[in-house]
Amino acid sequence: MGITMTEAAAERVKTFLANRGKGIGLRLGVKTSGCSGMAYVIEFADVVDDDDEIFEGYGVKVIVDKKSLVYLDGTELDFAREGLNEGFQFNNPNVKDACGCGESFNI
Amino acid sequence: MALLQISEPGQSDAPHQHRLAAGIDLGTTNSLVATVRSGMAETLPDEQGNHLLPSVVRYLEGGETVVGEVAKGQAALDPLNTVASVKRFMGRGVADVKSLGSRLPYEFVESEASAMPRLRTAGGDVSPVEVSAQILKTLRERAEKSLGGDLTGVVITVPAYFDDAQRQASKDAAKLAGLNVLRLLSEPTAAAVAYGLDRGSEGVIGVYDLGGGTFDISILRLNKGVFEVLATAGDSALGGDDMDRLVAEWIMKQAGIADDADHKQLRRLMRDACAAKETLTQNETAGIRLELADGTHWEGQLDRGQFNKIIDPLVRKTLAPCRRALRDAGVGPEEIKGVVMVGGSTRVPRVREKVGEFFNTEPLVDIDPDRVVAIGAAMQADVLAGNKPDDEMLLLDVTPLSLGLETMGGLVEKVIPRNTTIPVARAQDFTTYKDGQTAMAVHVVQGERELVSDCRSLARFELRGIPPLAAGAARIRVTFQVDADGLLSVTAREQTTGLESSIQVKPSYGLTDSEIEEMLRDSMDHAREDMDARNLREQQVEAERILEALEHALEVDGERLLSSGEREALERSMDVVRETIGENDYSLLKRRTDELNRLSVEFAARRMNASIQEALSGQSVDEFEK
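Residue numbers (our numbering), protein chains in the order written: chain P, 65 to 171; chain L, 2 to 627.
Below, the structure is given as structure tokens:
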């Protein structure tokens, strides 16, 4: 399985990385917090740690630590627009229920 | 499903706790809002894809408002209820606005409650602060829709020369729009931040801002990651519109259109001239075709060489303030390591070329000059909202005009000189002028001239309850403090008793940009005259002080220590000085005061001896009298 990314998401990440001027890729993860237990982490990655797994899609490296991967396996990262708003979205098959806004979730 | 943005490593927010921040360029003609998403700063468009929001608000009956492009389109239909360029009235008093008023379609209402003028509209009377708040509210809604949440805070940019009242008014407008202002940031500083110059090597940079109707030059210094505005200068009536006017005049001459062309034709000409100017940004020549009053057409061509010749006087006119700002900043053109171009008119190649020549460096033009200020504000807001790991970036500004207070004789004592970096606190000790004086009036003024009457009055307050002491014995410390947003508070404290009185300068009335310009220019034009006036006043104060002291001394000891001849001579001399005070002749007054001083030396010496003898002998005055 692993983590995949839509082309739209990959293009945006490339643009943002280029604008930032440094970084080897995108780090995805989960952390415990929020109203439904867990929350997504999406950050620029400058280093790879020993327990990280690296995936690649459309020329963008996605770095996920092993613990987070348990909850994210099979996720597809997408870039979406809703009216004026735009941003990244996790299509995560592991999620059982999420809070109303979808920012935190439960497995 | 929530839409997420990429954070810096380790800076991910907890869910539902996004620190959404935006930068707002609240402009005279157009306003913009920008934000940082996934590390990238960009201006936000509305649903139609327009980034610029015309700073125009139309008031409808019943109080509803229309803001932006639509309102601008209706300005011609409903000029009385459509408010444009409201930034020019921010923090200004009724008198200031009236001086502009003759050229404006709006009806101003004086209100008793505040010194702030209000505009009469179909939706009720509104203040400039309320109009600005409408614009800010529109931008806030746009930002919140684009970011998917409430804004934590915003950075709003203001011109570097905005005075206290104008800054306070801008803050009030934000508050009214429901915005939390993280900081007011000066426009040139924001532009420099947009180019990331704050992360570059240290040095001096210039920000050249040529808009539609105004020109500003600012000289900034980057020192240990901190920006400091060293100096600002400009011309509040110089911009792209003037270029259009010159081109229109050229077309009129070429096409043989008389000077008395009607209003409609003039407006068309201006539009054609503007179009030609814009064409010449990319192309070497621009074709012009216009319909004449008699229905025939005129066709012509303007090439870039000719265009350059037409606008060169204007471009040269911008270089004089550049020179002045450099002089104020105390740096030479060779020390400037970069010039940031701001404002739509800096797209004109000739402007870039001449500015490059003047500062001897290729100007920075990569970021859209209309958006660069908003982008810098967004980057600063992002840092202040806590989305950056290294939030060390602290920006400094300067006071646009000197701040001081009135001293005896209507003279200005400058406490904080102009172009002092803020935040700043400066204290100065003052004393009483008369024996037994128990109150002191503190009159806070702003300006460069030597006399209070030539400066702008900001505030007045009184320190009461000073213990009655001999003149010059009381110690009153007056502290001027200007905070990071450029707002001034003044405190007077009597040192022995700790008695304190203070004031914060709130919007009472403001100054127009051109008035600030004028005040600066005046101070240079009148430097000599001011010095003379100051000398005269100081001499007058000195003469009055001596007269008063002598009168007092004569009353007490005149009989006892002077012969009638001596006393007469002294009184004659005093009369002469008294008459001379009103004559406004410095050197004559100085000569006569010196003469009086010389005459009274002997008297003063005798008084001194007498009091020493009294002290030594322990005898009472009564015993001395016989």
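Here a beta-carbon is modelled for each residue, glycine too, at the ideal position from N, C-alpha and C. On a predicted model such as this, the values are computed, not experimentally measured, just so you know.
Exposure of residue i, with buried meaning 16 or more beta-carbon neighbours within 10 Å
i: residue 200/P; result: It is not possible to answer for residue 200/P, since the shown part of chain P is limited to 65 through 171.
i: residue 137/L; result: buried
i: residue 473/L; result: exposed
i: residue 344/L; result: buried
i: residue 1/L; result: Residue 1/L is absent from the structure shown; chain L starts at 2 and stops at 627.
i: residue 471/L; result: exposed
i: residue 157/P; result: exposed
i: residue 457/L; result: buried
i: residue 220/L; result: buried
i: residue 603/L; result: exposed
i: residue 49/L; result: exposed
i: residue 79/P; result: exposed
i: residue 613/L; result: exposed
i: residue 147/P; result: exposed
i: residue 441/L; result: buried
i: residue 73/P; result: buried
i: residue 451/L; result: buried
i: residue 91/L; result: buried
i: residue 382/L; result: buried
i: residue 82/L; result: buried
Neighbour flag for residue i against chain L, beta carbons, 8 Å
i: residue 124/P; result: no
i: residue 135/P; result: no
i: residue 73/P; result: no
i: residue 94/P; result: no
i: residue 158/P; result: no
i: residue 146/P; result: yes
i: residue 129/P; result: no
i: residue 140/P; result: no
i: residue 106/P; result: yes
i: residue 110/P; result: yes
i: residue 120/P; result: no
i: residue 151/P; result: yes
Proximity winner among the options, relative to residue i (alpha-carbon distances)
i: residue 425/L; options: 458/L, 435/L, 481/L, 471/L; result: 481/L
i: residue 429/L; options: 39/L, 586/L, 408/L, 470/L; result: 408/L
i: residue 439/L; options: 500/L, 458/L, 385/L, 413/L; result: 500/L
i: residue 449/L; options: 442/L, 478/L, 43/L, 416/L; result: 416/L
i: residue 137/P; options: 94/P, 143/P, 80/P, 124/P; result: 94/P
i: residue 140/L; options: 230/L, 33/L, 591/L, 215/L; result: 33/L
i: residue 39/L; options: 103/P, 107/P, 102/P; result: 107/P
i: residue 174/L; options: 154/L, 200/L, 129/L, 190/L; result: 129/L
i: residue 133/P; options: 122/P, 151/P, 116/P; result: 116/P
i: residue 578/L; options: 149/L, 564/L, 551/L; result: 551/L
i: residue 355/L; options: 387/L, 314/L, 20/L, 587/L; result: 314/L
i: residue 250/L; options: 231/L, 270/L, 562/L, 241/L; result: 270/L
i: residue 601/L; options: 576/L, 567/L, 610/L, 172/L; result: 567/L
i: residue 373/L; options: 191/L, 182/L, 592/L, 86/L; result: 191/L
Chain P within 8 Å of residue i, Cβ atoms only
i: residue 6/L; result: yes
i: residue 202/L; result: no
i: residue 394/L; result: The pLDDT assigned to residue 394/L is 49, lower than 50, so where the model puts this residue is not dependable; a value taken from the coordinates is nonetheless given after this. By this cut-off, residue 394/L is not an interface position.
i: residue 502/L; result: no
i: residue 48/L; result: yes
i: residue 91/L; result: no
i: residue 9/L; result: yes
i: residue 148/L; result: yes
i: residue 124/L; result: no
i: residue 41/L; result: yes
i: residue 346/L; result: no
i: residue 13/L; result: yes
Residue i Cβ short of 7 Å to the ligand FAD heavy atom set
i: residue 416/L; result: Looking for the ligand FAD in the displayed structure turns up nothing, as the structure carries no ligands at all.
Please go through the stretch 335-403 of chain L and give each complete beta strand (DSSP E) segment of 3 or more residues, from N-terminal end onward.
-> 337-343
What residues in the stretch 126-146 of chain L bring their beta carbon closer than 8 Å to a beta carbon of chain P?
-> 143, 146
Residue ranges of each alpha helix (DSSP H) run of no fewer than 4 residues wholly in the stretch 144-209 of chain L, ordered along the chain?
-> 165-177, 188-195
Within 9 Å of chain P by C-beta, residues of the stretch 161-181 of chain L in sequence order = none
What runs of the beta strand (DSSP E), each 3 residues or longer, lie entirely inside the stretch 260-294 of chain L?
-> 286-292
Which whole runs of the alpha helix (DSSP H) in the stretch 540-604 of chain L are 4 residues long or more, in chain order?
-> 565-582
Every unbroken alpha helix (DSSP H) inside the stretch 48-104 of chain L [4 residues or more] = 70-74, 95-102
Minimum length 4: unbroken alpha helix (DSSP H) runs contained in the stretch 75-153 of chain P = 130-136
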